[in-house]
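K.L.:
Please read through the structure below; I'll follow up with questions.
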Amino acid sequence: MAVRTNRGPGAAAENRAALLAAAREVFSEQGARAPLSAIARTAGVGQAVLYRHFPTREAIAMAVFDQNMEAVEELAARPDARLREVTDLITHQIEGSAAVIALFAVDEEAPAQRELTRRIRLALQPVLERATAAGEVRRDATLDDLMLAVGLVTAVITTTPPAARHARAAASWRLLMDGLAPR
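When you line the sequence shown up against full-length UniProt numbering, it's residues 1 to 183, in that order.
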């Protein structure tokens, strides 16, 4: 893609959105260590624009995760959102971000990781409560149980070759949801 004409600060939001979309694509295709220049090129911006928005690889990867989290929060906030819908969205996002998850998974105590964990817990709590009230999960199922399930599926996805990820994730959720189902 050709570099677009510099339209100045007015294009900042559009450039940021293009960079995030490109990061998803490039990281998915080339892995977490893909050259950042490939992201800029795919977004159709210069590297200076990339570094102005995202000074490090971790910054752009975290911004992708932040977008993912916003989508989960938005879905989970809907009163009609079902647990399966939310876990399907989370799974889809993990599948698409598997290459960069390793950048953050090494330190659960890192501030950025703690913030993502806090946000996902807040988003999942009311969804789990609704699922429990509807009899979709056991009454003794806890948020920690659900977070463990998400962590297990994440581990399966990130250690499975891309072509088999979706099937393995679906099989994992079937087993995990059977374990959370009312007896």
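We put the CB at the ideal spot given by N, CA and C, even for glycine. Here the structure is a predicted model, which means the values were calculated and not measured.
Whole angstroms are fine: how far does the CA of residue 181 sit from the CA of residue 167?
P.N.:
21 Å
K.L.:
Would residue 93 be called buried (16 or more neighbouring beta carbons within 10 Å of its own) or exposed?
P.N.:
Per the 10 Å Cβ criterion, buried.
K.L.:
Compute the beta-carbon to beta-carbon distance between residue 183 and residue 130, rounded to the nearest angstrom, for a pair I have assumed lies under 8 Å.
P.N.:
No, residue 183 and residue 130 are not in contact; Cβ-Cβ is about 20 Å, not under 8 Å.
K.L.:
Closer than 8 Å is the cut-off here; do at least three beta carbon pairs connect the region 40 to 53 with the region 75 to 86?
P.N.:
The region 40 to 53 makes no contact with the region 75 to 86: fewer than 3 CB pairs, one atom from each, lie closer than 8 Å.
K.L.:
Based on Cα-Cα distance, which residue from 17, 30 and 63 lies nearest to residue 113?
P.N.:
The option with the nearest alpha carbon to residue 113 is 63.
K.L.:
Could you tell me if residue 165 is buried or exposed, where buried requires 16 or more neighbouring beta carbons within 10 angstroms of its beta carbon?
P.N.:
buried
K.L.:
In whole angstroms, give me the CA-to-CA distance for residue 21 and residue 47.
P.N.:
15 Å
K.L.:
Excluding the five sequence neighbours on either side, which residues of its own chain have a C-beta within less than 7 Å of the C-beta of residue 123, listed in chain order?
P.N.:
72, 73 and 76
K.L.:
By how many angstroms is the C-alpha of residue 79 removed from the C-alpha of residue 127?
P.N.:
8 Å
K.L.:
Quick one: what does DSSP say residue 126 is sitting in, helix, strand or coil?
P.N.:
helix
K.L.:
Does the Cβ of residue 149 have 16 or more other Cβ atoms within 10 Å, making it buried, or fewer, making it exposed?
P.N.:
buried
K.L.:
My assumption, with CB atoms under 8 Å, is that residue 100 sits in contact with residue 43. Please give the rounded CB distance.
P.N.:
Incorrect: roughly 16 Å between the Cβ atoms, too far for contact.
K.L.:
With distances taken Cα to Cα, identify the nearest neighbour of residue 173 among 151, 142 and 163.
P.N.:
151
K.L.:
Determine the closest residue to residue 24 out of 160, 68 and 146, with distance taken between C-alpha atoms.
P.N.:
68
K.L.:
If the criterion is Cβ atoms closer than 8 Å, does the pair residue 157 and residue 169 meet it?
P.N.:
yes
K.L.:
Could you work out which residue in 125, 134 and 37 is closest to residue 143 when comparing CA atoms only?
P.N.:
125
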